[in-house]
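The block underneath contains the structure these notes are about, expressed in structure tokens.
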Amino acid sequence: MAQPVPPELGRFIALNAAYGILVCTGEKCRYALEPAAISRHLRDRHCASIAVRKQADQYAKELPFVYDHGSAQLPADGSAPQPIIPIVDGFACRECPFKTQGRPTMQQHANKAHDKKGAKDEEICRAVRLQSWFGKKRELYWAVDEGQRAAQERRARRVAVQDVGEELDSLGSDVGSGSDSESGQGGNSDDEIIQGIENWIADAQDRRLEALKNVPAAEIDAWLHFTEWNEVFSQSKHNLVKTHQFARPPDQDEPKLERVLRAWGRILERGLNTLASIDHKDALKWWGSPKNEAASQRPFELLQNAQTVEKYSAVWERFIYYILRTAPVENWEDETGE
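As structure tokens, then:
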């Protein structure tokens, strides 16, 4: 059995214990990750800290299973959808297990594999809902029955009702008492109990959100108390979640932004190479001086911690993503050759 995902790492990935698959929970991802590629994915797609990536490497080493996009176990056709993984429309061949999202691909398959050139769609395939552990041209689909997920949710709610037990009395007499004539089950129908639980959870969530807005001064540490960030952010109308979306790494449909990222990487690499090739301390002191008339006493050198360069570079990358996504399009039409 695999160990649960550590809390810090759980912000990025989830474990599907039934099939031994690790899944990225990012809004733009939601696909499985090969264990050996987790750290690189967290760096490139989510700008995760080095501490989180080290934890990912360690967790991947301790996994009791190994898989890739070709060997990962697929759920059976007609099973309930797997959590997190997106569900898409597609087609399933009537003659064999082949499945695809594209109608032209299905027609090509029918022509080559089953010699059904020119056959009607209903003769060669049927419309289905599909899932795949992996994307980006590594899809291996299985068909899902979304009706089974509703049944699973109902079973889960019933289990929750059993777990809560007598604590439901605190929800009110309307839920916890009544005559047999009102519901046939002593006034405690499953629907009423489930609705009571859901209302209680919603109220608790509202209370937590309100508590986050009004953090008592005694619960703010010295640094936050000094900076007053909590007061500033609680009154800000700026949408930090939207800002984060603008600062995310390039998507597959943003090739120009990907080219800018590569250009930035080359600029940084050339700068570091130039710095490494200069061994004259006086020249490096002039580089580090903010004044033209005097050299700095400390030479311009790389920081002792090499990871700091990587961290600051990632900050600049996010700044570049934000600018290119929010600036007027007409300002970025000129090609630079990069």
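Numbering follows numbering that gives the first Met the number 0, with no gaps: position 255 of the sequence shown is 254. Even glycine gets a Cβ: it sits at the ideal position worked out from N, Cα and C.
When you compare each of P85, N110 and A112 to L129 by their alpha carbons, which one comes out closest? P85
Report the option in E316, T273 and E26 whose CA atom is closest to the CA atom of F342. Residue coverage of the chain in this structure runs from 0 to 337, which leaves residue 342 outside it and unanswerable.
Taking contact to mean 3 or more Cβ pairs, one atom from each stretch, closer than 8 Å, check whether the segment 49 to 64 and the segment 2 to 14 are in contact. yes
For the beta strand (DSSP E) that N272 lies in, which residues bound it at each end? Careful: N272 lies outside any beta strand (DSSP E), inside the alpha helix (DSSP H) at P254 to S276.
Should the segment 104 to 117 be regarded as contacting the segment 68 to 88, the criterion being three or more beta carbon pairs within less than 8 Å? no
Residues in the same chain with beta-carbon distance under 6 Å from F340, minus the five sequence neighbours each way, listed in chain order, please. Absent from the model: residue 340. The displayed extent of the chain is 0 to 337, so no value can be given.
With a CB to CB cut of under 6 Å and the five nearest residues on each side skipped, what residues in its chain are close to A294? K284, W285 and S288
Classify L271: buried if its beta carbon has 16 or more other beta carbons within 10 angstroms, exposed otherwise. exposed
Nearest to L62 by CA position, among T325, A16, C28 and Y321, is which residue? A16
Helix, strand or coil, according to DSSP, for T104 in the structure here? helix
DSSP beta-bridge partners of K98: A91
Kindly indicate which three-state DSSP category Y140 falls into: helix, strand or coil? strand
State the start and end residues of the unbroken beta strand (DSSP E) segment that holds A126. C124 to S131
Selected residue, minimal CA-CA separation from I123, among F133, E145 and T99: T99
Given a threshold of 16 other Cβ atoms within 10 Å of its Cβ, counted over all protein chains shown, does C95 qualify as buried or as exposed? exposed
Please go through the same chain and pick out, in chain order, the residues whose beta-carbon is closer than 6 Å to the beta-carbon of E337, but skip the five residues on each side of it. A caution first: E337 carries a pLDDT of 43, below 50, which makes its placement in the model unreliable, though a value can still be read off. Counting only Cβ-Cβ distances below 6 Å, and skipping sequence neighbours, we find A262.
Let me confirm a value: H279 is counted as buried when at least 16 other C-beta atoms fall within 10 Å, else exposed. Which label applies? exposed
Which first and last residues belong to the alpha helix (DSSP H) in which V22 is found? Counting along the chain, V22 falls outside any alpha helix (DSSP H), though it belongs to the beta strand (DSSP E) covering I20 to C23.
How far does the alpha helix (DSSP H) with A71 in it extend, from its first residue to its last? Taken as a continuous stretch (DSSP letters only), A71 belongs to no alpha helix (DSSP H), as it is neither H nor E.
For L323, does the three-state DSSP call read helix, strand or coil? helix
Taking the beta carbon of W315 as the centre, do at least 16 other beta carbons fall within 10 Å, making it buried, or is it exposed? exposed
Pick helix, strand or coil for L8, following the three-state DSSP scheme. helix
Closer than 8 Å by C-beta to K27: which residues in its own chain qualify, once you throw out the five before and the five after it? Chain order, please. R44, R247 and D250
In angstroms with no decimal places, state the Cα-to-Cα distance between P80 and S312. 39 Å
When you compare only the Cα positions, how much space is there between D76 and A35? 28 Å
Three-state secondary structure (DSSP) of N15: strand
Cα-Cα, which of R39, S70, F318 and E121 is closest to Y140? S70
Excluding the 5 residues preceding and the 5 following L260 in the sequence, name in chain order all residues of the same chain whose CB lies nearer than 7 Å to its CB. P249 and E316
C-alpha gap between A142 and Y66, whole angstroms: 21 Å
Tell me whether N272, by its Cβ, gets closer than 7 Å to a heavy atom of the ligand FAD. Only the bare structure without any ligand can be found here, which leaves the ligand FAD out of the picture.
Rounded distance between the beta-carbons of A47 and L41, thought under 8 Å: 4 Å
The alpha helix (DSSP H) with D281 in it runs from where to where? K280 to W286
Starting from the Cα of L6, find the closest Cα among G25, K290, S38 and Q54 and give me that residue. One point to set straight first is that residue 6 is Pro, not Leu, in the sequence displayed. Comparing Cα-Cα distances from P6 to each of G25, K290, S38 and Q54, the minimum goes to Q54.
Run the CB neighbour count on A91, radius 10 Å, all protein chains shown included, and call it buried at 16 or more, exposed below. buried
If we count the other Cβ atoms within 10 Å of its Cβ and call it buried at 16 or more, is I200 buried or exposed? exposed
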